[in-house]
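Here's the structure, in structure tokens; my notes come after.
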Amino acid sequence: MISQEYCQKLAVYHSLMNQQLYSACEKLSDNERKEDNKLFFKSIHGTLNHLLFGDIAWLSRFLQKENEIPDIGQELYSDYYDLWQARKEWDQKLLDWSATVEHEWLASDFTFTSKVDQSTRTRPAWLLVSHLFNHGTHHRGQLTTILSQYDIDYGVTDIPFLIVE
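Sequential numbering from 2 applies to the sequence shown in the working numbering.
The structure is reproduced here in structure tokens:
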């Protein structure tokens, strides 16, 4: 099982990587960011949008604010800089949440309704938190592949080099 410290460290990593990738993506034109690169969410912009959606969905559930979850597939922000600003705000919310998450909550079962298939499921809370962070890593990996193809340096991505005690 994971701990509050794990959540805090991964929230810091999550935020650092998001900022690194947005800074790297800023080197591209808006057309390049919105070009269909055959990603699951088509473009860099679409993938960044989906990453934000995922974090909003999971964190809203964890904060018992499911009514704040947008519809899946919706473009949250068409403007890159508006998307980036929202990303920063939600990263801060995740950092704040990780500082208060309790062991008892992580050890409990959590029931949620999926926006993907409208099914209600119950899973261990710690597993869903792990999914939130893993989901971000998965899609950021797709973005680093595309950025490499544009010959853009996105920086170091390894946790031991980014998270220093």
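Glycine included, every Cβ here is placed at the ideal spot set by N, Cα and C.
All of these numbers come straight from a predicted model, not from anything done at the bench.
Name the residue from the options whose alpha carbon lies nearest to the alpha carbon of residue i.
i	options	result
Ala108	Ser115, Thr123, Val117, Thr114	Thr123
Asp118	Ser149, Gln93, Ile73	Ile73
Gln1	Leu53, Phe111, Trp85	Because the chain is modelled from 2 through 166, residue 1 falls outside the range shown and cannot be assessed.
Gln86	Tyr155, Asn19, Gly156	Asn19
Phe155	His136, Ile164, Ser24, Asp83	Note that residue 155 corresponds to Tyr in the displayed sequence, not to Phe. Closest by alpha carbon: Ser24.
Asn38	Pro161, Ala12, Tyr151	Tyr151
Ser79	Asp92, Asp31, Met2, Gln93	Asp31
Glu36	Ile147, Pro161, Ile160	Ile147
Ser4	Glu69, Pro161, Leu129	Leu129
Leu84	Met2, Leu22, Glu69, Lys10	Leu22
Leu11	Asn68, Leu29, Val102, Lys116	Val102
Leu60	Ser149, Cys8, Lys28	Cys8
Glu6	Asp159, Pro71, Leu29, His104	His104
Quick check on residue i: buried or exposed, where buried means 16 or more other Cβ atoms within 10 Å of its Cβ?
i	result
Phe113	buried
Asn50	buried
Ile164	exposed
Phe134	buried
Val186	Outside the displayed range of the chain (2 to 166) lies residue 186, so it cannot be described from this structure.
Asp92	buried
Using a Cβ-Cβ cut-off of 7 Å (strictly less than) and excluding sequence neighbours within five positions of residue i, which residues of its own chain qualify?
i	result
Leu48	First, the residue type needs correcting, since residue 48 is Thr and not Leu in the sequence shown. Around Thr48: Leu40, Phe42, His140, Gln143, Leu144.
Arg34	Cys26, Ser44, Ile45, His46, Tyr81
Please go through the same chain and pick out, in chain order, the residues whose beta-carbon is closer than 8 Å to the beta-carbon of residue i, but skip the five residues on each side of it.
i	result
Ser120	Thr114
Asp110	Thr123, Arg124, Pro125, Ala126
Gly137	His15, Met18, Asn19, Leu52, Gly55, Asp56
Trp106	Ala126
Does the beta carbon of residue i come closer than 8 Å to any beta carbon on chain C?
i	result
Leu22	In summary, chain C is missing from the structure at hand, where a single protein chain is found.
Only counting the same chain, and skipping five residues up and downstream in sequence, which positions put a Cβ closer than 6 Å to that of residue i?
i	result
Arg88	Asn19, Leu53
Three or more C-beta pairs closer than 8 Å, one from the segment 48 to 65 and one from the segment 79 to 99: is that the case here?
yes
My parser needs the alpha helix (DSSP H) runs of 4 or more residues fully inside the segment 56 to 109; what are they?
81 to 99, 104 to 108
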